[in-house]
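Number 8 in full-length UniProt numbering belongs to position 8 of the sequence shown; there are no gaps in the numbering.
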Amino acid sequence: MLVSEIEYLLKLFKESKIITDDQENQAKLILKNNAMNEFSDGNRSVGIRW
């Protein structure tokens with residue numbers, strides 16, 4: 001849910017010329033990499049934060 005909300009905000013920022021296409025793509029890549037670093041450890045969810 002949070003990822004889709006962030007992607008929506010990135011789209012709005014790009015359409016409003018607040019960020020460039022390159023900045024949007026870089027942010028999406030960072031978001032994707034962070035989501036992939038999330039993993040389940042037994043009954044608790046653990047996220048790696050950089």
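Think of the CB as a built atom: it goes at the ideal place given N, C-alpha and C, for glycine as much as any other residue.
Do residue 62 and A27 have their C-beta atoms closer together than 8 Å?
The displayed coordinates of the chain run from 1 to 50. Any statement about residue 62 would go beyond what the structure contains.
With DSSP as the reference, label K11 as helix, strand or coil.
helix
Note down the Cα distance separating S16 from N33, rounded to an integer number of angstroms.
25 Å
Tell me whether W50 sits in a helix, a strand or coil according to DSSP, three-state version.
Residue placement at W50 is flagged as unreliable, the pLDDT there being 44, under the threshold of 50; the coordinate-derived value follows with that caveat. If DSSP states are grouped into helix, strand and coil, W50 belongs with coil.
Considering only the beta carbon of each residue, do E31 and I6 sit closer than 8 Å?
Residue identity check: residue 31 is Leu in the sequence provided, not Glu. Yes.
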